[in-house]
Amino acid sequence: MKKAMLVFLVAALVTLPLSSLLAYEGGAVSDGGTISGVVKFKGAAPAPKKVEVTKDKEVCAKTAKNDPTLIVSGGNLVNAVVSITDIKKGKKMAPQKVTMDQNGCEYKPHVLAFIVGSSVDILNPDGILHNVHSYSKANSPFNMAQPKFKKTITVKIDKPEAISVKCDVHGWMSGWLFAAENPYFSVTDNSGSFKLTDVPPGTYTLEVWHETLGKVSQKVTVKAKQEAKVTFEMEKK
Amino acid sequence: MAVRGYDENEEKKSYGSVFLLGTSLLVAVSLWSLWDDNITRRPWKKFQTEFYRLDYRKAKAAYDEEDKKLKADPGYQDLVKKLAAAEDSLTRGELAKKLKSLRAEEARATVRFGDLDQEVKFIKSELEEAWYEYDHAVQQGRNTKRYQETIQELEKEKAKVDPQLEAARQKREQLKEEIKNLDAGIKELENQLSKMAAERDKWIRVMENATVNLGLLSIYKIPKIRQIVLDEFDRNNFDEPTGRVDRCQTCHIAANRPGFENEPQPFRTHSRREVLLADSAHSPDKFGCTVCHEGQGAAVNSVRQAHGEVSYWEFPLLRGAKAQSSCASCHLDVQKLQDAPLLAQGQRIFEQIGCTGCHLVQGYENIPKIGPSLRRINAKADASWMVRWIANSHNYRPQTRMPNFSFKEDEATAIAAYLWSASKEEGDKWLEGHPAPAGFREGDKEMAAKGKNLAEAVGCKGCHGLAEGEASTVLGKEKEIIPNLKNIAAKVGPRWIYYWVKNPRDFSPDTRMPSLRLSDQEALAITTYLATLGSKSEAIAGIEEKLGDAKNAKRGEALVRKYGCFGCHDIPGMEKESRIGVELSTFGSKTLEELFFGNRADIRHTWDDWTYNKLKTPRIYATERIEQVMPQFNLAEEDIKALRILLASFRDKKVPSRYTADRSQRAVQVVEGRRLMHQYNCIGCHEIENRGGFIRKYYENPALAPPPLNGEGEKVQSHWLFGFLKEPIPLRPWLNVRMPTFNFSDQEANLLIGFFNGLSRVEIPYAYFDDRKVPKEHLDAARILVSKEYFNCFSCHKQGDKNPEGPQEGWAPDLNLARSRLNPNWIIKWLQDPQKVQPGTKMPSFFPGGPDNIMGGKDEKQIEALRDYIVMLGTKAPGADGGRTASR
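Heads up: the sequence lines are chains A and B, in that order. Reminder that position 112 of the first sequence reads as 112 in this note's numbering, one-by-one numbering, no gaps. Count along the second sequence from 1, add 237, and you get the number used in this note's numbering.
Here you go:
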C-alpha cells in the first residue's frame, strides 16, 4: 500500500504542470525594497521613423505617428518590460482590469503589461472598422473584428506571454500585450526608466524584454526597505 | 521331492523390487506426462495466471485508494449512517410490525388472486370446448341448441367471476405499492450511495473478472486459450479462401485494455489503443493481431513459435515500425495514415525516385517517366557536361534523383554519342526555329539583378533552389525532385534557357515544368540571371568528334538498352522498350530461397538484410559470373528504412472486402490525384493536407505567399476550380508570386478536383443555389451589414473594379468572384469562424457579436443574409457565368 501511495505521489508530481510547481504565492510584504533604474540603448539612437497613414485618413491621419517598434529617448529605451522572473513569494497578486485604446488607429499604450489572468478591454473610439489579431502561441490566438458599433472587446489572457497584436485593416498598427507571471513588472516610461516596489529582500533575476531587441537579464540583490539601482543595456543584434 | 515344472527357488524369489520399479516408473511417467501436457507445453497458462494476479493487484490497489477517499468523505459517511438508521427502523419498532402485517396480507391476497385466476382459466377452456362442439354441430347439420345453452351458461359464470378477479388483482397491487413505499427511503439512499461509490465499485467488477469463486475459496481464473477466427481471410495454394486462427490474446491479454501502458510485455496496452484498436478501426475482436503483426497466430507452445520466429515459417512477427507494412494490405490510401509515417514516406520515395521506371508493381503501373525527355537533348545540354553527368551524376548534384551507374568515361561518351545522334534531327530543327535571343548580353549586371528579383518574386523557388542549400520539396531525407540551379551555367546555355523559361512545353511537350507567363523582357532578365549561376563546363578534348563517331553511337545504344535509361527518359527509338527490372508486386512475400545472395557470406540470410543491402549497395550480390545493373541511388539510412517497409508491403494477398478500408472510387481518386499533385509539386507552394507550402519560408509576411489549400474541395466549386486549373486568373492581384499555367489535360484537372473533393469528403460536387429563393430582407439587411457603419467589408475586399484603400498587401479577394468560385455552404462556415477554417488568416471573426438591431440580433440569420448577398453580388459582374450558378 505504501508503495502504491509512493507511486501515486510520484505520478502526481510528474503529471502536475510545471507552472503550478513554480506557482507564485502572494501576501503582505512589510520590509520590501525597491528596484529602479533605466534601460539604455547602446549605439546611435535611430531617428524616429514616420508612419505613413494609407487608409481611413480622415480618422487615422489626425495625429502624426512614429514607428513604435524602437523608440529611444535621451539614449534610453522606451516600451521595454522589466520583470523579475524567479520570484516565488511577494506582494499580493490579483487579476486586473486593464485597457488598450486604439484611438487614432494606434495602440495606446503600445506595450500593455498586466498580471496573467487579467481582462483587457480593447477600445475602439475611432468609429471605423478595426480588427484585433493576436499572434499568440501559449494562449490561443484570436482575430476579432471590431466594427464601429462595437466600442469595447474584452479578452482574457490566461497564460504568461508577450503577445503581438496587429490590425489587418490598418497595416501599420502594432502593439503588445505582456501577460506577466507575477506582480513585479514595469514598462519603461518615456524616459526609459522603470521601478518595482515592495520587493521582499533577496537576490533575483531581473529580465528586460523588448519587442525588437529581445531579452537581457541580470541578477539583483534587494535589501529591506532600500532601493537597488539597476542599469540595463540593450543593442541591435 | 521335486514336482515337475516346479522350481522351488523360483517360487521363493521375490519380484517386489521389479514391481516397485515398474510402478514407480509408471507413476513417474504419468506425472511427467501430466506435467508436460499442462505445464511445459502450456507456457501461456503461466502468462495468463500472472496477468490475472497483476490485474487483481492493480484493481485492489485502485479499490483501496477509492475506498480511502470515501471513508474520508463526510457526505458519504453521513449517507451510510442514514441508511443504517433507516434499515434499523424497518427491522424494529412500529414500522417493522406494520411491514410484517402488510407482507402477511400481501401473501393472502396473492393466494386469493391465484385461486380466482385459475377458476377463470378453467371457465375459458370449457368455453373453448363448447364453441368447438357448437361449430362441429353446425357443420354436420345437427341441432345446436344444447351447445348454445352451455355457452350462455359459461359466459354468465365468467361474467360473475371476472370482476372478482379484477378486485383481487387491485388488492394485491395496492398492498405491493404500500410495501414499496415503506422501502422507498432505503432504495433512494442505496442509489445515492452506489452512485458515489461507482468509482470504487467498478474495481470490484474487475477483481471479480480476474477470479473464480469456489464456495468460500476465491482463486484466480483458470487460464484458457483465447482465439479469434477470421473467416476467409487467407487463401491457400489453390487460391481458395481459408480462415485464419489468431490466439495472440491468450498472452497479450491487456492489448485492448487501458491502464497497462507501463507493464512489461505481454501485458502491455497497445500503443495508441484508443485510435488503432477502436471499434471503428481495428477492434481486436474482429481483426485479431496477426493481421497487422503477422507471426504464427495459432501457435501457443512457445513464445518463439507464436511469434513465428522459427525456421520455415514465412511470416515472422513484424517488430516495431515494420508492422506499418501491413497497413497497405487493406488501406489503399496510405498517405493519410497518421500511424504509418514510414510506409507513407517509403511510398513517396518509391513513386518519385524512379523505381517504377525499371520495376513493375501492381498499382504503380501508370506513373510517368520521372526524368526529362531526351528527344532534343543535343539542343539543350553542353556535350562535355553530358558525358560527365552520365559517368557520375552525383558529382554535379549529389542530391539528384538520377542514380549513379558507375560508367567509365568511354562508356559515358558512347552513351552521349548515341543520345546525340538519336536527337540530332529533332534537336537541330528546334534550334533552327529558335535563334539566340535578341538583346541578350552575357553578364549584364543590372539585367541579372532584375532577373534575380523576378525569379524570386514570381515563385521559381517554389520548386528550384537557386543557391547552395536551398530546396523546396525534398524527397526522403535530402533528394531533390526538382534541380537546384546553383550551377546551371555548366549544363545549359542562355539560348535554351530563354525559350525554356518562356514556355517549357515548346521545347518538351510533356514536361511538368509549368509556364509562368513571362513576357519576353522578363524571360530575358531571368535568362541573364540564370546564366550567371555557376560556370561553363570545361570542354573535353575532341568531344565533337567523339560524339559524332558512329561506332561510339552504336556502342552507346547497346548500353542504353542494357541499363534501361528509357525507364526514366523519353529516348528517340526506344519508345517500345519495356521495363528492365524484375516485377516487385509480391516482393514482400519472397522467401529466402527466392533471394539471390551471390557469394556474400557476410550478410545474414534474412529478407530484411537482403533488402537493406540491395538498397544501400545495389550491385552487392554480383559475382564473377552474374552481373548486376541496378545503379547507386545514395539513399540515406532513413530512406532505406522507409523503402524497405514499403517493399515489405508488396504482398501476395487478397483481403476480403469486409476487412479492408475505403477502396471506393473516391479513395482511388485521392490516391491518383495526390500522385499527380506530387508530380507537379503543388506542395512546393501550397500547403495541402497540412503538408508543404515550402516556399512560405521565404516570406516575412505570410499574406504575400501562395495560399494554403487545406480544405480546398469544400471551399470552392468544382467547375470554377476546373476553369482555374486550366487557365489560372490572378485571384489576389497584389501577390507577386504567380500561379503558373500547367496546361493540365482535362483528365488531369478532373483528377485534381476529385482529389480535393475526396480530401474534403465532398459527396455531391454539384448542387443548386436558387437565386429566386433569396428573401429580399436578407439582401436589405446584408447591404447594411457590409456598409461602413457596420462590418465595412470593402475596407479590405475588392469588388470588381472597386479597389480598397491602402497598400495592396492589405487587400482581400474580390467578392464579385465569390458567386462562381465559392461554395455557398462554405461561406457560412467561413463567416462563422474564419480562424477555424484557416488558422492565421487575416479575415477577422465578426461573429458571435453581430449588431443587435439587424435581423433581430440573431447571428446565424445575419450570416445567412451575408452569404446570400455575397453570392448575389457576382450576378452583375462581368465574367460571372450568366444567370444562376451551379454550386454546392
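For each residue, glycine too, the CB sits at the ideal point set by N, CA and C.
Nearest-angstrom Cα separation, counted from residue j out to residue i
| i | j | result |
| --- | --- | --- |
| Pro495 (chain B) | Arg510 (chain B) | 8 angstroms |
| Leu206 (chain A) | Gly1086 (chain B) | 41 angstroms |
| Gly32 (chain A) | Ala113 (chain A) | 22 angstroms |
| Lys523 (chain B) | Glu303 (chain B) | 34 angstroms |
| Leu21 (chain A) | Lys88 (chain A) | With a pLDDT of only 44 at Leu21 (chain A), under the threshold of 50, the placement of this residue in the model should not be trusted; the figure read from the coordinates follows. Each residue's Cα considered, the two are about 10 angstroms apart. |
| Ala776 (chain B) | Leu821 (chain B) | 42 angstroms |
| Thr381 (chain B) | Phe350 (chain B) | 35 angstroms |
| Ile877 (chain B) | Thr637 (chain B) | 16 angstroms |
| Gly600 (chain B) | Ile725 (chain B) | 36 angstroms |
| Arg241 (chain B) | Leu268 (chain B) | 44 angstroms |
| Ser242 (chain A) | Thr152 (chain A) | Residue 242 (chain A) lies beyond the residue range present for chain A, which begins at 1 and ends at 237; the question has no answer from this structure. |
| Asp619 (chain B) | Val729 (chain B) | 6 angstroms |
| Lys773 (chain B) | Tyr735 (chain B) | 17 angstroms |
| Arg1020 (chain B) | Leu962 (chain B) | 33 angstroms |
| Lys250 (chain B) | Leu454 (chain B) | 52 angstroms |
| Asp476 (chain B) | Thr1078 (chain B) | 55 angstroms |
| Ala692 (chain B) | Glu498 (chain B) | 53 angstroms |
| Met100 (chain A) | Asp121 (chain A) | 6 angstroms |
| Ala228 (chain A) | Lys219 (chain A) | 11 angstroms |
| His210 (chain A) | Val81 (chain A) | 7 angstroms |
| Leu1016 (chain B) | Tyr135 (chain A) | 35 angstroms |
| Lys791 (chain B) | Tyr655 (chain B) | 7 angstroms |
| Tyr371 (chain B) | Tyr384 (chain B) | 5 angstroms |
| Gly175 (chain A) | Asp86 (chain A) | 26 angstroms |
| Arg969 (chain B) | Pro1041 (chain B) | 13 angstroms |
| Glu717 (chain B) | Tyr858 (chain B) | 28 angstroms |
| Asp899 (chain B) | Phe552 (chain B) | 26 angstroms |
| Ser508 (chain B) | Gln575 (chain B) | 13 angstroms |
| Asp1105 (chain B) | Ala708 (chain B) | 44 angstroms |
CB-CB length for residue i against residue j, believed under 8 angstroms
| i | j | result |
| --- | --- | --- |
| Arg585 (chain B) | Leu712 (chain B) | 7 angstroms |
| Cys526 (chain B) | Gln486 (chain B) | 7 angstroms |
| Cys595 (chain B) | Arg816 (chain B) | 5 angstroms |
| Gly1047 (chain B) | Gly699 (chain B) | Not confirmed; about 24 angstroms, so no contact. |
| Val443 (chain B) | Ile459 (chain B) | About 18 angstroms; that fails the 8 angstroms criterion. |
| Met881 (chain B) | Thr848 (chain B) | Per the sequence shown, the amino acid found at residue 881 (chain B) is Arg instead of Met. Right, their Cβ atoms sit about 5 angstroms apart. |
| Val907 (chain B) | Asn1060 (chain B) | In fact, because the Cβ distance is near 19 angstroms, the residues do not count as touching under 8 angstroms. |
| Gly688 (chain B) | Thr765 (chain B) | 5 angstroms |
| Val116 (chain A) | Pro160 (chain A) | 5 angstroms |
| Ile1100 (chain B) | Phe1084 (chain B) | 6 angstroms |
| Phe979 (chain B) | Ala145 (chain A) | That pair is no contact at about 37 angstroms. |
Neighbouring residues, chain B, relative to residue i (Cβ below 9 angstroms)
| i | result |
| --- | --- |
| Asn143 (chain A) | Pro1071, Gln1072, Gly1077, Thr1078, Lys1079, Met1080, Pro1081, Ser1082 |
| Val236 (chain A) | It is Lys, not Val, that sits at residue 236 (chain A) in the sequence shown. Those within 9 angstroms of Lys236 (chain A) in chain B number zero; the least Cβ separation is about 17 angstroms. |
| Asp56 (chain A) | Ser1032, Glu1042, Gly1043 |
Under 8 angstroms from the C-beta of residue i: neighbouring residues of chain A
| i | result |
| --- | --- |
| Glu415 (chain B) | What Glu415 (chain B) touches in chain A: nothing, since even the nearest Cβ is about 48 angstroms away. |
Contact set between residue i and chain B, taken where Cβ atoms lie within less than 7 angstroms
| i | result |
| --- | --- |
| Phe149 (chain A) | Tyr1027, Pro1088 |
Contact set between residue i and chain A, taken where Cβ atoms lie within less than 7 angstroms
| i | result |
| --- | --- |
| Ser1032 (chain B) | Leu129, Val169 |
Neighbouring residues, chain B, relative to residue i (Cβ below 8 angstroms)
| i | result |
| --- | --- |
| His133 (chain A) | Lys1079, Pro1081 |
Chain C contact for residue i (CB, 9 angstroms cutoff)
| i | result |
| --- | --- |
| Gln146 (chain A) | Within the model displayed, chain C is absent; protein chains A and B are what it includes. |
Open item on the list: Under 8 angstroms: do the segment 39-49 of chain A and the segment 69-83 of chain A share three or more Cβ pairs, one atom per stretch?
Closed with: yes
Task: Interface residues of the segment 166-183 of chain A facing chain B [CB-CB below 7 angstroms] - done: Asp168, Val169, Gly171
Open item on the list: Closer than 8 angstroms is the cut-off here; do at least three beta carbon pairs connect the segment 673-687 of chain B with the segment 787-806 of chain B?
Closed with: no
- [ ] Name, going along the chain, the residues of the segment 1045-1057 of chain B whose beta-carbon falls closer than 9 angstroms to a beta-carbon of chain A.
- [x] Glu1046, Gly1047, Ala1049
- [ ] Pair every Cβ in the segment 392-400 of chain B with every Cβ in the segment 416-435 of chain B, then say whether three or more of these pairs are closer than 8 angstroms.
- [x] no
TODO: Give a yes or no on contact between the segment 1073-1082 of chain B and the segment 1001-1015 of chain B, applying the rule of three or more CB pairs nearer than 8 angstroms.
DONE: no
Open item on the list: Counting beta carbon pairs with one atom in the segment 624-632 of chain B and one in the segment 601-613 of chain B, are three or more of them shorter than 8 angstroms?
Closed with: no
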